[in-house]
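The sequence shown begins at 84 in this note's numbering and counts up by one.
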Amino acid sequence: MPRKAREQSPTGIYHVMMRGINRQSIFEEEKDRLKFIEKLAEFRDKNSYRLFAYCLMDNHIHILLQELSEPIGVSIKRISSSYVLWFNKKYERCGHLFQERFKSEIVSTDSYFLTALRYIHQNPIKAKIVEDISHYKWSSYGEYFGQGHIVDKDYVLGMFSGTSSEALRLFEIFSREMITEVCLDVEETKQGISDVRLREILKEKFGIDSIKLANEERKRQEEILKELKQLKGTSIRQISRTTGVSQTRVWKA
Numbered sequence: 084m085p086r087k088a089r090e091q092s093p094t095g096i097y098h099v100m101m102r103g104i105n106r107q108s109i110f111e112e113e114k115d116r117l118k119f120i121e122k123l124a125e126f127r128d129k130n131s132y133r134l135f136a137y138c139l140m141d142n143h144i145h146i147l148l149q150e151l152s153e154p155i156g157v158s159i160k161r162i163s164s165s166y167v168l169w170f171n172k173k174y175e176r177c178g179h180l181f182q183e184r185f186k187s188e189i190v191s192t193d194s195y196f197l198t199a200l201r202y203i204h205q206n207p208i209k210a211k212i213v214e215d216i217s218h219y220k221w222s223s224y225g226e227y228f229g230q231g232h233i234v235d236k237d238y239v240l241g242m243f244s245g246t247s248s249e250a251l252r253l254f255e256i257f258s259r260e261m262i263t264e265v266c267l268d269v270e271e272t273k274q275g276i277s278d279v280r281l282r283e284i285l286k287e288k289f290g291i292d293s294i295k296l297a298n299e300e301r302k303r304q305e306e307i308l309k310e311l312k313q314l315k316g317t318s319i320r321q322i323s324r325t326t327g328v329s330q331t332r333v334w335k336a
C-alpha cells in the first residue's frame with residue numbers, strides 16, 4: 084500500500100516530531116544534544132528553513148520550523164542523516180537511530196503557531212522532568228531571553244508587541260500558561276524501571292554502555308539480555324529501545 088503523502092502547509096510552517104527507532108534513546112550524554120543543536124544551526128544557515136522552537140527529549144525531538152529553499156522532508160533528512168552518521172561513528176554502532184518517517188502537522192494560523200510553540204516548550208513539564216519551563220536546558224525557551232542564538236526569536240516576539248521588553252513580558256506569561264490543547268506528541272508508556280535506570284544498570288553491573296550492547300560478541304550479549312529480562316519492571320520492548328538490539332533477539336535470548 085503506497086505511503087500517504089505528507090500534508091502541505093500553506094504557510095510552509097510545520098510542527099515536526101522525530102522519534103528514536105523502537106523509542107530508543109537518541110542522546111547518551113550532553114555532548115550528543117549539543118551536536119544535534121549544532122546540526123540544526125548548520126542546516127538553518129544553509130537557508131533550508133527558519134527555526135522557531137525546539138525541544139530535545141531523551142527519545143524524541145520537537146521542532147517548529149518554516150521551510151525555505153527546500154521541502155521539509157529534505158531538510159529533516161539532512162539533519163537526521165548528518166547526526167546519525169556522527170552518532171554511529173562516536174559509539175561504534177551501525178544502523179538506524181530515528182524512525183524512518185518523521186511525524187509532522189501543518190501550522191496554518193498564527194494562533195496555532197503560538198499553541199505549538201508553547202506545547203513544545205512545555206514538553207519537559209508534561210513529561211514531569213521539570214516543574215518550571217525555564218529549568219529545562221535542552222529547549223529553545225531560554226534563547227528568547229538571550230541564551231543561545233539559533234531560533235528566529237524576533238519573528239515570534241513581534242507577535243506579542245513591537246516593544247522588546249513588553250514582548251518578552253507577554254511571551255513569558257503566555258509560555259507559562261497551562262496548555263489545554265493537544266498537539267503532535269509520542270504515546271507515553273508506564274514502566275517499572277526507567278530507561279535511564281536501565282542504562283545505569285548496564286554500566287554498573289556489566290561495565291558497558293547501553294548503545295554498545297548491539298555490537299557485543301553474541302554469547303556475552305545473550306547473557307546480558309537474559310539478566311535484563313529477569314529484572315522486575317522491564318519489558319522486551321524497553322530493553323530493545325534502550326540497547327538498540329532488535330526485539331526478536333531480546334526475546335530469543
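Even glycine gets a Cβ: it sits at the ideal position worked out from N, Cα and C.
Unbroken alpha helix (DSSP H) run spanning residue i, endpoints
i	result
GLN313	301 to 313
LYS337	No statement about residue 337 is possible, as the shown extent of the chain runs from 84 to 336 and does not include it.
ARG116	113 to 128
Where residue i falls: helix, strand or coil (DSSP)
i	result
SER222	strand
LEU180	coil
ALA336	coil
GLY103	strand
ILE96	strand
ARG282	helix
SER187	strand
ILE256	helix
LYS211	coil
8 Å contact criterion, which residue i and residue j should meet: CB distance rounded
i	j	result
LYS286	ASP278	With a Cβ gap of about 13 Å, LYS286 and ASP278 do not count as contacting.
ARG161	ASP235	Incorrect: roughly 19 Å between the Cβ atoms, too far for contact.
PHE254	TYR227	6 Å
CYS266	THR325	In fact, because the Cβ distance is near 26 Å, the residues do not count as touching under 8 Å.
For residue i, the first and last residue of its enclosing beta strand (DSSP E)
i	result
ILE144	143 to 150
PHE135	132 to 139
Alpha-carbon spacing of residue i relative to residue j, whole angstroms
i	j	result
GLN91	LEU147	15 Å
HIS179	ILE256	40 Å
GLU150	LEU311	43 Å
THR281	THR331	First, the residue type needs correcting, since residue 281 is Leu and not Thr in the sequence shown. Their backbone Cα atoms lie some 19 Å apart in a straight line.
TYR219	VAL213	7 Å
ARG303	SER258	49 Å
ILE284	GLU299	16 Å
TRP334	GLN182	21 Å
THR272	LYS122	Note that THR272 scores a pLDDT of 45, beneath 50, so its modelled location is shaky and nothing firm can be said.
ALA210	GLU175	30 Å
LEU200	GLU112	25 Å
Decide yes or no for the touch test of the stretch 199 to 214 against the stretch 135 to 144: beta carbon pairs closer than 8 Å, at least 3 of them. yes
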